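Have a look at the structure below, then the notes.
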Amino acid sequence: MNNDLLTSKGPDILEVISDLSSDEVFTPPRVVTQVLDLLPKEVWSDSSLRWLDPGCKTGVFLREVTSRLMSGLTGEIPYKQRRLQHILQNQVFGIAITELTSMMSRRTLYCSKDASGDHSVVKMPARNGNIWFDRVEHKYVEEKCQECSAAKSQMERENRDNYAYAFIHEVGRIAVWKELGMKFDVIVGNPPYQMESEGSNRTIPIYNLFVEEAIKLNPKYMAMIIPSRWMAGGLGLSSFRSSMLSDKRIRSIVDFPNPSEVFPGVEIKAGVCYFMWERDHPGDCMVTTIRGGELVGPTKRVLDEYDVFVRDARALTILEKVLSMKEPVLAEIMSARTAFGIVSNYRDYSKTKRSGDVRFYATSSTGRVEAWIAESEATTNREAINTWKAMVPKAGSDGGQKLPDIVLGQPWIAEAPSICTQSFIFIGVENHTKAESIVSYYRTRFLRFLVSLRKITQDTTRETYTWVPQQTWDRTWTDEELYKKYGINEQEQAFIESMVKEMP
Numbered sequence: 019m020n021n022d023l024l025t026s027k028g029p030d031i032l033e034v035i036s037d038l039s040s041d042e043v044f045t046p047p048r049v050v051t052q053v054l055d056l057l058p059k060e061v062w063s064d065s066s067l068r069w070l071d072p073g074c075k076t077g078v079f080l081r082e083v084t085s086r087l088m089s090g091l092t093g094e095i096p097y098k099q100r101r102l103q104h105i106l107q108n109q110v111f112g113i114a115i116t117e118l119t120s121m122m123s124r125r126t127l128y129c130s131k132d133a134s135g136d137h138s139v140v141k142m143p144a145r146n147g148n149i150w151f152d153r154v155e156h157k158y159v160e161e162k163c164q165e166c167s168a169a170k171s172q173m174e175r176e177n178r179d180n181y182a183y184a185f186i187h188e189v190g191r192i193a194v195w196k197e198l199g200m201k202f203d204v205i206v207g208n209p210p211y212q213m214e215s216e217g218s219n220r221t222i223p224i225y226n227l228f229v230e231e232a233i234k235l236n237p238k239y240m241a242m243i244i245p246s247r248w249m250a251g252g253l254g255l256s257s258f259r260s261s262m263l264s265d266k267r268i269r270s271i272v273d274f275p276n277p278s279e280v281f282p283g284v285e286i287k288a289g290v291c292y293f294m295w296e297r298d299h300p301g302d303c304m305v306t307t308i309r310g311g312e313l314v315g316p317t318k319r320v321l322d323e324y325d326v327f328v329r330d331a332r333a334l335t336i337l338e339k340v341l342s343m344k345e346p347v348l349a350e351i352m353s354a355r356t357a358f359g360i361v362s363n364y365r366d367y368s369k370t371k372r373s374g375d376v377r378f379y380a381t382s383s384t385g386r387v388e389a390w391i392a393e394s395e396a397t398t399n400r401e402a403i404n405t406w407k408a409m410v411p412k413a414g415s416d417g418g419q420k421l422p423d424i425v426l427g428q429p430w431i432a433e434a435p436s437i438c439t440q441s442f443i444f445i446g447v448e449n450h451t452k453a454e455s456i457v458s459y460y461r462t463r464f465l466r467f468l469v470s471l472r473k474i475t476q477d478t479t480r481e482t483y484t485w486v487p488q489q490t491w492d493r494t495w496t497d498e499e500l501y502k503k504y505g506i507n508e509q510e511q512a513f514i515e516s517m518v519k520e521m522p
């Protein structure tokens, strides 16, 4: 039987095939190679290991695993066809995410959609081979799936897939277990990333569920590529972030803040990373950061040194100097995400002042809106209405995908009394002079650098100011003064200035 597809050196269609969506990103073979390179070399010469890709799309992970095993098992199983038969029948398994991807994966791995047919490189006992797929149902409680948080109204539509991925739904795992067994030694892949969130432009991450379920299977090794947003943000990822940072079995991470360096043309906020998890040899993690062709590391890191992960190791000495001062931080005095209870798309304001109105600030497609609103419209934080406000937009840059980064939008001063939508966060003070001092601080590279260590996407929340120390609001702050205060040396200053651009 011919198995040329596994060893061909010609053009690879899986390098150029289009993604189904930014939720289900196809992995180019060159990226799969980099992910698999994290695993120890001895796995490729072990004929007893069972491999699983729990989120098959094109089958590229299983194809590349098979190719490496074909090379590594040559000494143990010299005859090529017998070797291929052993690998495909006993070692390599997948769970496809849709019926379409199950056919693509079988075509990639077996050279035939029918793994039991005459055109398959190895004639498997069943048509599906070891690529499992069947429709799985969500477990809805009050219109929401209790396992992946999908909304019933969005998932249950006629003539469409319901995206109930088998590996993260109990009924699916039971079905897979009955057919393939659920004892796997190595788990690899690029799982689906997120699920639509009804009535919101926010999305619910699900890649964390794939990682968590994989860990529950207790394999010897795991190597996956996932979004990097878990490192410092992401809706509902706090528990996952904590468990990942404290897991000493994560032995290597390669992080790409700019996702286009891995997946050209695909928007993945905060970038992507791939990691290797090793069950039997816990320890510190070797971290490599790659951005704009520049490689930093690998550096030995203690992942849970802080509550979020500082992506670039070169920032650590600066952060340590700042935190050693043990000063109060801006997060303690910044406003909440929706300071006055007024959302960003609020439009019931007046262009002219009416009796009882106060200044109102919002955003529109053309920029900042300055209008008037009844003071009674503010439902929370009413004590801040009569403060002067050092304002900064909640939306900043894209999380440092391109350097140097501006990090924050332009700060400005709102007079007292005033109200704003959730498009802004602010520090309220007694007078214009103090507000001016805070605005000068916002504009420093020093402050914006410290914000960037926790700001992994466009959004800037109060929590991103957790490492920014408070100052006295009696002067115009400059980087030179701050560098001197915190002992930031010339090399560290140069690093800050390479990461954060001067604010115009």
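Residue numbers (this note's numbering): 19 to 522. Note that CB positions come from ideal geometry on N, CA and C, so glycine has one too. All values reported here derive from a predicted model rather than from experimental measurement.
Assigned exposure category for residue i - 16 Cβ within 10 Å defines buried
i, result
"Thr126", "buried"
"Ser120", "buried"
"Gly254", "exposed"
"Glu231", "buried"
"Gln419", "buried"
"Asn276", "buried"
"Ala512", "exposed"
"Arg297", "exposed"
"Pro429", "buried"
"Tyr128", "buried"
"Gly374", "exposed"
"Pro522", "exposed"
"Tyr183", "buried"
"Met343", "exposed"
"Asn507", "exposed"
"Arg463", "buried"
"Tyr181", "buried"
"Ala357", "buried"
"Ile192", "exposed"
"Gly301", "exposed"
"Asn226", "buried"
Residue nearest to residue i in terms of C-alpha spacing, selected from the options
i, options, result
"Ser441", "Arg386, Ala133, Gln419 and Ser138", "Arg386"
"Arg493", "Phe358, Pro522 and Tyr460", "Tyr460"
"Lys75", "Trp406, Arg101, Lys141 and Leu118", "Leu118"
"Met517", "Glu454, Gly283, Ile424 and Thr496", "Ile424"
"Cys166", "Ile431, Gly190, Asn276 and Met409", "Gly190"
"Thr370", "Asn236, Met352, Trp390 and Ala354", "Trp390"
"Leu12", "Arg175, Val410 and Arg269", "The question about residue 12 has no answer, for the chain in this structure spans 19 to 522."
"Gln172", "Pro209, Ser130 and Thr221", "Thr221"
"Arg81", "Val328, Gly427 and Val110", "Val110"
"Pro223", "Arg332, Ser257 and Pro422", "Ser257"
"Val347", "Arg68, Thr484 and Ala331", "Thr484"
"Leu235", "Asp203, Met213, Gln212 and Met242", "Asp203"
"Gln212", "Val194, Glu174 and Ala169", "Ala169"
"Thr92", "Trp62, Gly73 and Gly252", "Trp62"
"Pro422", "Ala432, Arg466, Thr306 and Pro143", "Arg466"
"Trp150", "Leu468, Trp195, Asn404 and Asp179", "Trp195"
"Leu341", "Leu468, Phe358 and Ser415", "Leu468"
DSSP bridge partner residues for residue i (one or two, in chain order)
i, result
"Asp477", "Ala413"
"Leu70", "Phe111 and Ile205"
"Trp406", "Val447"
"Arg259", "Its beta-bridge partners do not exist; DSSP assigns none."
"Glu388", "Tyr379"
"Ala432", "Lys407"
"Gln99", "Looking at the DSSP assignment, Gln99 forms no beta bridge with any residue, so it has no partner."
"Glu296", "Tyr239"
"Ile268", "Trp295"
"Met304", "Ser270 and Lys318"
"Ser368", "Trp390"
"Phe442", "Pro411"
"Pro245", "Val290"
is_contact[residue i, chain B] using C-beta, thresh 8 Å
i, result
"Lys339", "Of the protein chains in this structure there is only one, and it is not chain B."
Suppose only complete runs of 3+ residues qualify. What are the beta strand (DSSP E) ranges in the segment 110-185, listed by chain order? 110-114
Would you say the segment 241-252 touches the segment 308-315, given that touching needs at least three Cβ pairs under 8 Å? no
Using 8 Å as the Cβ pair cut-off and three pairs as the minimum, do the segment 395-415 and the segment 433-453 touch? yes
In chain order, which continuous runs of the alpha helix (DSSP H) of length 4 or greater are located wholly inside the segment 457-513? 463-470 and 497-504
Just to confirm the assignment: which complete beta strand (DSSP E) runs, minimum length 3, are found wholly within the segment 311-365? 312-319
Does the segment 369-381 come close enough to the segment 322-339 that 3 or more CB-CB pairs lie under 8 Å? no
Can you find at least 3 beta carbon pairs, one from the segment 95-109 and one from the segment 132-150, that sit closer than 8 Å? yes
The segment 259-274 touching the segment 476-491, judged by at least three CB pairs closer than 8 Å: no
Between the segment 152-169 and the segment 180-190, do three or more beta carbon pairs fall short of 8 Å? yes
How about the segment 440-458 and the segment 397-413: do they share at least three Cβ pairs that are nearer than 8 Å? yes
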